[in-house]
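J.: Protein chains in written order, with this note's numbering: chain C, 4 to 215; chain F, 4 to 215; chain U, 4 to 215.
Ideal Cβ positions, reconstructed from N, Cα and C, are used throughout, including at glycine.
Since the structure is predicted, the reported quantities are computational estimates derived from the model, not experimental observations.
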Amino acid sequence: MTTESLPLWFDLTAMSIAALFAGALARSRNFPIYGTLFAGVITGLGGGMLRDMLLGKEPVAISNAIFIPTILVAAIMGAIFFHKLMPIQGVFLVMRSLALGSLVAIGAQVALNDGAPLGSAIFLGIGTATFGGIIVDVVANQRATIAKQAHWFGSGMLVGAFVFVFVSYYINFWLAVVLCIATVFCLSFFSVKRNWPSPMWPGQDVTSTSGD
Amino acid sequence: MTTESLPLWFDLTAMSIAALFAGALARSRNFPIYGTLFAGVITGLGGGMLRDMLLGKEPVAISNAIFIPTILVAAIMGAIFFHKLMPIQGVFLVMRSLALGSLVAIGAQVALNDGAPLGSAIFLGIGTATFGGIIVDVVANQRATIAKQAHWFGSGMLVGAFVFVFVSYYINFWLAVVLCIATVFCLSFFSVKRNWPSPMWPGQDVTSTSGD
Amino acid sequence: MTTESLPLWFDLTAMSIAALFAGALARSRNFPIYGTLFAGVITGLGGGMLRDMLLGKEPVAISNAIFIPTILVAAIMGAIFFHKLMPIQGVFLVMRSLALGSLVAIGAQVALNDGAPLGSAIFLGIGTATFGGIIVDVVANQRATIAKQAHWFGSGMLVGAFVFVFVSYYINFWLAVVLCIATVFCLSFFSVKRNWPSPMWPGQDVTSTSGD
């Protein structure tokens with residue numbers, strides 16, 4: 004019962020963290036005000052909307068009046084108070100891992116609650132975390148982070164989603180959230196610090212990947 | 004009762020204006036025939052389809068047999084009869100404002116009719132107007148207009164959507180349509196004529212925005 | 004009755020062929036492992052997911068546990084066993100025609116089974132075939148194949164979708180599948196071999212199209 008009622012506020016929190024992060028990042032990249040709000044709102048809401056549509060439901064972010072205003076405020080807060088922190092690599096990685104890890108967790112959890120198969124829950128976890136950011140990258144005509152040689156960015160989320168789904172399904176939701184965020188953070192952090200390339204096919208040359 | 008039955012033909016008209024405009028613009032940019040039809044149909048239908056999916060409904064443009072053929076014809080008409088008018092700035096701005104303003108209006112109105120909160124209605128109004136055009140920009144690998152330093156393009160629609168939702172909710176639908184189109188037109192027109200930049204964050208330098 | 008039960012396994016087969024092709028193509032373009040899996044899975048699943056959402060249904064690829072794992076395996080098979088064949092033009096065109104033709108067919112057939120109008124079935128056939136590939140092109144920040152001067156690529160699918168819908172509606176599903184794949188293949192093959200440009204508007208100059 005409490006499990007059933009859990010996703011709503013956690014969903015809102017996860018989306019707000021993502022919107023705050025995206026608003027800060029957009030302003031630090033010198034987007035004008037409208038572009039910053041667009042980036043924050045779409046990064047925050049986009050993945051959750053896709054997830055709900057793929058589960059055949061009306062997106063909660065549309066039907067529930069609290070979502071859009073909250074996420075808009077989070078994006079503005081990010082742009083005003085956090086944009087100067089974005090060039091600090093540690094802050095950037097912590098914020099991004101929190102945003103992505105919690106979106107992976109809530110995306111997969113909503114799917115599991117809805118009775119989706121495990122494979123679909125992993126897919127929807129990754130989709131919830133990445134879809135909004137992909138839209139923003141693509142609209143700004145940048146190569147999406149997920150398509151770059153990006154230090155275990157996508158691969159880290161895939162591992163995090165696996166960890167989340169299995170721990171949540173067999174053990175406990177909150178432990179799964181913590182392990183998922185920790186996994187995404189560690190793989191991002193160490194792959195950047197130690198310059199691990201994205202996992203490659205045998206015989207591929209890192210420097211020649213289409214990514215980067 | 005008439006209010007309930009109003010959106011369908013107005014929806015079709017708004018989509019057709021957008022398709023006509025997009026067909027004309029695509030041919031004036033020298034797209035081949037298939038690309039022109041693609042641009043017209045997607046600009047016309049894309050936003051309304053997204054809106055209906057986000058409201059948890061089957062898109063009317065799929066279920067109603069009249070939509071796709073009508074919008075295809077509008078795109079072809081635009082490409083044949085209007086493509087030479089596109090380089091005339093006044094005609095371009097009038098047509099774009101009519102297309103965007105009426106899509107904002109119908110998008111927000113369908114959302115309000117469906118019982119969506121005001122914030123969601125504003126979001127869906129903007130989404131209905133911009134989603135189709137964003138897809139076309141992105142598929143043609145151009146930086147989407149909405150992400151450029153674009154003279155109050157996005158900001159103008161945001162203001163227009165606010166105006167529409169409040170006038171429609173508290174006063175009258177038709178007055179709201181007229182004011183919404185007029186707002187989008189005036190902000191576009193004067194921002195281009197007088198070269199107003201997109202609204203910026205304090206301390207931002209216009210010339211250095213990531214938009215162009 | 005058999006007609007009703009037909010789309011599921013044919014849907015899975017069509018998606019798997021597309022995933023296999025996209026996995027092979029992505030590795031031949033030197034994508035890292037995660038990007039290859041992303042390209043394969045999204046090209047395979049994306050169009051069918053869009054189709055089901057546009058028909059107001061929960062996508063079968065989410066609700067049915069067999070889809071995501073099967074398509075993932077197909078993408079991996081493609082990347083491992085077929086990537087070296089991609090530079091051979093004949094193999095590439097045969098595989099692409101098989102993938103696109105069968106996706107057009109299943110997309111349109113599911114729409115017809117669902118009671119969609121003929122125009123919507125053609126639209127959804129083309130959408131099922133192209134949406135996933137467009138996402139991958141766009142995320143990798145390439146001009147989507149569909150927007151290029153691309154030798155009857157888009158136009159060929161439009162013709163193929165017309166052929167499929169009319170033959171399937173008035174004659175027989177399997178004959179329609181064969182004719183649709185054959186049409187897509189022939190138009191692709193001969194337009195590449197004989198260097199036919201995309202159909203143009205009167206007075207347009209091939210070399211100056213915005214497509215490339």
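Short of 7 Å in beta carbon distance, which residues of its chain neighbour P205 of chain U, apart from the five on each side in sequence? Order them along the chain.
T.: Answer for P205 of chain U: no residue qualifies.
J.: Got a sec: is the Cβ-Cβ distance from A25 of chain F to anything in chain U below 9 Å?
T.: Taking Cβ atoms only, chain U never reaches closer than 9 Å to A25 of chain F, which makes this a no.
J.: Answer yes or no: does any C-beta atom of chain F fall closer than 9 Å to that of F192 of chain U?
T.: False, the Cβ-Cβ gap to chain F never drops below 9 Å.
J.: Please state the DSSP three-state secondary structure of M52 of chain C.
T.: Three-state result, M52 of chain C: helix.
J.: Do you know offhand how far G128 of chain C's Cα is from F34 of chain F's?
T.: If you take the alpha carbons of G128 of chain C and F34 of chain F, they lie about 38 Å apart.
J.: Looking at C-beta atoms only, is the number of pairs between the segment 89–101 of chain F and the segment 46–66 of chain F that lie closer than 8 Å three or more?
T.: The segment 89–101 of chain F is not in contact with the segment 46–66 of chain F.
J.: Using the C-alpha atoms, what's the distance from P200 of chain U back to I74 of chain U?
T.: Whole-angstrom Cα-Cα distance: 34 Å.
J.: When the distance is taken between beta carbons, is I71 of chain U closer than 9 Å to P120 of chain C?
T.: Cβ atoms of P120 of chain C and I71 of chain U: closer than 9 Å.
J.: Whole alpha helix (DSSP H) runs in the segment 116–184 of chain F with 4 or more residues, listed along the chain?
T.: Qualifying alpha helix (DSSP H) stretches, in chain order: 121–142 and 156–173.
J.: By Cβ distance below 6 Å, which residues in the same chain neighbour V180 of chain C in space, the five residues on each side in sequence not counted?
T.: So the list reads A108, once near-sequence residues are dropped.
J.: Within the segment 55–99 of chain U, note down every full alpha helix (DSSP H) run reaching 4 residues or more, in order along the chain.
T.: Those alpha helix (DSSP H) runs which fall completely within the segment 55–99 of chain U and span 4+ residues are 63–66 and 70–80.
J.: With a threshold of 9 Å between beta carbons, is M52 of chain U in contact with chain F?
T.: By this cut-off, M52 of chain U is not an interface position.
J.: Can you tell which of C:Y37, C:Y173 and C:G110 has the C-alpha that lies nearest to the C-alpha of A82 of chain C?
T.: It is C:Y37 whose Cα lies nearest to the Cα of A82 of chain C.
J.: Determine, using beta carbons only, whether A17 of chain C and A78 of chain C come nearer to each other than 9 Å.
T.: No.
J.: Does the beta carbon of G264 of chain F sit closer than 9 Å to a beta carbon anywhere in chain C?
T.: The structure shown does not extend to residue 264 of chain F, since chain F is modelled only from 4 to 215, so the question has no answer here.
J.: Please list, in chain order, the chain A residues whose beta carbon lies closer than 9 Å to that of W199 of chain U.
T.: Reference to chain A is not applicable here, since the protein chains of this structure are C, F and U.
J.: Against F95 of chain F, what residues of chain U qualify as contacts under a CB-to-CB distance less than 7 Å, listed in chain order?
T.: Those within 7 Å of F95 of chain F in chain U number zero; the least Cβ separation is about 17 Å.
J.: I think L53 of chain C touches G163 of chain C, with their Cβ atoms under 8 Å apart; what is that distance to the nearest whole Å?
T.: Contact flag wrong, Cβ pair sits at about 18 Å.
J.: Should A111 of chain F be flagged as near chain C, meaning a C-beta pair shorter than 9 Å?
T.: Judged by the 9 Å Cβ criterion, A111 of chain F is not in contact with chain C.
J.: From S213 of chain F to M56 of chain U, what does the alpha carbon distance come to, in whole angstroms?
T.: Here S213 of chain F scores only 43 on pLDDT, less than 50, and its place in the model is too uncertain to base an answer on.
J.: To the nearest angstrom, how far is the alpha carbon of W12 of chain U from that of Q145 of chain U?
T.: Each residue's alpha carbon lies about 32 Å from the other.
J.: Starting from the C-beta of L88 of chain F, find all residues in its chain whose C-beta is less than 6 Å away, skip the five residues before and the five after it, and write them out in chain order.
T.: The answer, listed in chain order, is V94.
J.: Would you kindly work out how many angstroms separate the C-alpha atoms of R99 of chain C and L178 of chain F, rounded to a whole number?
T.: So the alpha carbons of these two residues sit roughly 45 Å apart.
J.: Strictly below 9 Å CB to CB, what residues from chain C border R99 of chain U?
T.: Residues of chain C passing the Cβ test: none, with the nearest at roughly 19 Å.
J.: Which same chain residues, not among the five before or five after L190 of chain U, have their C-beta less than 8 Å away from its C-beta?
T.: Same-chain partners within the cutoff: W155, S158, G159, V162 and G163.
J.: My output table needs one value for Q207 of chain C: the three-state DSSP class, helix, strand or coil.
T.: In the structure shown, Q207 of chain C sits in coil (DSSP, three-state: anything other than H, G, I, E or B).
J.: Using CA atoms only, rank isn't needed, just tell me which of C:S171, C:V76 and C:F84 is closest to A111 of chain C.
T.: When only C-alpha atoms are compared, the closest one is C:S171.
J.: Please classify P10 of chain U as buried or exposed, where buried requires at least 16 other C-beta atoms within 10 Å of its C-beta.
T.: Label assigned to P10 of chain U: buried.
J.: Round the Cβ separation of G47 of chain C and F134 of chain C to the nearest angstrom and send it over; I've been treating them as touching at under 8 Å.
T.: In fact, because the Cβ distance is near 11 Å, the residues do not count as touching under 8 Å.
J.: When you compare the CB of L103 of chain U with every CB in chain F, is at least one pair closer than 9 Å?
T.: L103 of chain U does not count as touching chain F.
J.: Could you work out which residue in F:H86, F:A42 and F:A68 is closest to Q207 of chain U when comparing CA atoms only?
T.: Per the Cα distances, F:H86.
J.: So, does the CB of L57 of chain U fall closer than 9 Å to a CB anywhere in chain F?
T.: Yes - at least one Cβ of chain F is within 9 Å of the one on L57 of chain U.
J.: Could you name the residues of chain C that G157 of chain F contacts, counting a contact when the two beta carbons are closer than 8 Å?
T.: Ordered by position in chain C, the residues that pass the 8 Å Cβ test against G157 of chain F are Y37, G38 and F41.
J.: Is R197 of chain F helix, strand or coil by DSSP?
T.: DSSP places R197 of chain F in coil when its eight states are reduced to three.
J.: Quick one: what's got a C-beta closer than 6 Å to L182 of chain U's C-beta in the same chain, skipping five residues either side?
T.: The residues are V166 and V170.
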